[in-house]
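To keep things clear, I will list the structure first and then write my remarks on it.
Chains as they are written, first to last, in this note's numbering: chain A, 6 to 239; chain B, 6 to 239.
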């Protein structure tokens, strides 16, 4: 019998309540979808020792009683397998397999575009103790400065919006990626847009885009959980 | 009681047996998946009157007893709804919704890249009576000559291979897009690669690509139906 809430280690910015990690948002929405009680623990990039028990250095990490899981996809699988009687994230094996593809589309196509648009804003909202770590690791990763990476964002956002075209087309057929109601596939796409909203005043979407309307609906799910987060109105 | 085979009007090239339409390949594989007896009828772009009964001018069109359906997605929906006891293409509502996204990804991202790579080869394999129609309609659509559109294909194929990255990542998790066994999501991607194979000697994939290996498996499904088609070995 499990009475304790699940704990989610959740990336925070300068303020404890600025939660901007796309991978953590996926998990938060998945926990709400599964109707599981949970609490979040603000965590910063440089607090590696706090989650050392998980055997790695990144969030999300969840702790559920005596079990812990890291990596957002592994957490989704864990929740689905451990709580099969709660609302489903995947609706069976084919739904899970295709949700994996949506996750890979987000990670291979959307996230590399979004990071270019918001990386200087991420930097400016970080906790002071994370700033050097973030700049050093990201500038090494991208081979350029944060400022250079996002210098062309006014043009580059057009490319990003083009990349959303498959989603835009699907939303002409159905209310959500997962069908009549949202599920993991929606959370994984939405969380990348929420990442930007929570950290940057730069508008990724224009209001007449069907993706914008879908995002509005996603902001309203779970009694407006994502809308109530500290974020920019963009 | 239905005894007649389903008839599929299927785009053909110069030879009756050169069947290259990606949308028709989707339907052929869906019919095999659903284990429904069918026959194909070679059809050319300019034979509009032959399918005028369908109320439009494009294949695929299927005729099932007294019913007819056009548009590959509508046909998949029709087969799934009409033959619910046969093997499923979608595995439920979420699987169907996510299969729609894969279809939109193929149509919005992959097909516009592939057409640039193979359009001159399509032209050269058409039935003589279709050639003027094809050149005229496509050059109007693209605003340039067929030859100009594919002139940079040696470089452009790199972009195409980049676009496959989400699929490539997913195939590191699972054997097929739809999971352990192929379904509509696999057929819709494969059919676009088969489109190229059936009409062009130009290699879209390199052999060490996981997408290449997956395509090999797809070529072997249904007793090698797609492998036995008139096509190039590329």
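Don't be surprised by glycine CBs; every beta carbon is placed ideally from N, CA and C.
So what does residue i bridge to, in DSSP terms?
i: residue 214 (chain A); result: Residue 214 (chain A) is not bridged to any residue.
i: residue 66 (chain B); result: B:14 and B:75
Under a three-way DSSP split, which group does residue i fall into?
i: residue 35 (chain B); result: helix
i: residue 81 (chain B); result: helix
i: residue 45 (chain A); result: strand
i: residue 75 (chain A); result: strand
i: residue 24 (chain A); result: strand
i: residue 52 (chain A); result: coil
i: residue 29 (chain A); result: helix
i: residue 57 (chain A); result: helix
i: residue 140 (chain A); result: helix
i: residue 202 (chain A); result: helix
i: residue 238 (chain A); result: coil
i: residue 224 (chain A); result: helix
i: residue 207 (chain B); result: coil
i: residue 130 (chain A); result: helix
i: residue 231 (chain A); result: coil
i: residue 190 (chain A); result: helix
Taking the alpha carbon of residue i as the reference point, which residue from the options has its own alpha carbon closest?
i: residue 196 (chain B); options: B:93, B:207, B:29 and B:148; result: B:29
i: residue 231 (chain A); options: A:14, A:9, A:19 and A:35; result: A:35
i: residue 18 (chain A); options: A:113, A:111, A:130 and A:122; result: A:130
i: residue 39 (chain B); options: B:99, B:11 and B:94; result: B:94
i: residue 149 (chain B); options: B:121, B:160 and B:97; result: B:121
i: residue 9 (chain B); options: B:185, B:42, B:20 and B:66; result: B:42
i: residue 78 (chain A); options: A:103, A:70 and A:147; result: A:103
i: residue 269 (chain A); options: B:96, B:199 and B:101; result: For chain A, the structure presents residues 6 to 239; residue 269 (chain A) sits outside this window and is missing.
i: residue 177 (chain A); options: A:216, A:152 and A:163; result: A:216
i: residue 164 (chain A); options: A:117, A:66, A:226 and A:22; result: A:117
i: residue 188 (chain A); options: A:96, A:119, A:144 and A:154; result: A:96
i: residue 63 (chain B); options: B:70, B:16 and B:111; result: B:16
i: residue 235 (chain B); options: B:11, B:153, B:20 and B:159; result: B:20
i: residue 214 (chain B); options: B:161, B:67 and B:175; result: B:175
i: residue 45 (chain B); options: B:181, B:58 and B:22; result: B:22
i: residue 198 (chain B); options: B:119, B:154, B:37 and B:159; result: B:119
i: residue 11 (chain B); options: B:61, B:98, B:147 and B:70; result: B:70
i: residue 92 (chain A); options: A:37, A:68, A:114 and A:146; result: A:37
i: residue 173 (chain B); options: A:113, A:146 and A:211; result: A:113
i: residue 182 (chain A); options: A:14, A:33, A:32 and A:111; result: A:111
i: residue 31 (chain B); options: B:66, B:61 and B:59; result: B:66
i: residue 161 (chain B); options: B:115, B:98 and B:225; result: B:115
i: residue 238 (chain B); options: B:201, B:228, B:226 and B:227; result: B:201
i: residue 159 (chain A); options: A:145, A:209 and A:186; result: A:209
Let me check you understand the geometry: is the CB of residue i closer than 6 Å to at least one non-hydrogen atom of the ligand GTP?
i: residue 222 (chain B); result: In the structure shown, the ligand GTP is absent, as is every other ligand, since no ligand is present at all.
Is it a yes or a no for the region 70-89 of chain B touching the region 165-176 of chain B, going by three-plus beta-carbon pairs under 8 Å? no
For the region 123-139 of chain B and the region 46-60 of chain B, state whether three or more C-beta atom pairs, one from each stretch, are separated by less than 8 Å. The answer is yes - the region 46-60 of chain B touches the region 123-139 of chain B, with three or more Cβ pairs under 8 Å.
Taking contact to mean 3 or more Cβ pairs, one atom from each stretch, closer than 8 Å, check whether the region 136-149 of chain A and the region 219-229 of chain A are in contact. no
Are the region 121-129 of chain A and the region 203-218 of chain A in contact at 8 Å, needing three or more beta carbon pairs? yes
Scan the region 152-186 of chain B and note each continuous beta strand (DSSP E) run of 3 residues or more that stays entirely inside, going in chain order. Taking 3 residues as the shortest admissible run, the region 152-186 of chain B contains no complete beta strand (DSSP E) segment at all.
Are the region 80-94 of chain B and the region 75-91 of chain A touching by the rule of at least three beta carbon pairs closer than 8 Å? no
Check whether the region 98-110 of chain A touches the region 54-62 of chain A, taking contact to mean three or more Cβ pairs, one atom from each stretch, closer than 8 Å. The region 98-110 of chain A vs the region 54-62 of chain A: no contact.
Complete runs of the alpha helix (DSSP H) confined to the region 80-127 of chain A [at least 4 residues]: If we require 4 residues or more, the alpha helix (DSSP H) runs fully inside the region 80-127 of chain A come out as 98-110.
Does the region 9-27 of chain A come within contact of the region 88-97 of chain A, defined as at least 3 CB pairs closer than 8 Å? no
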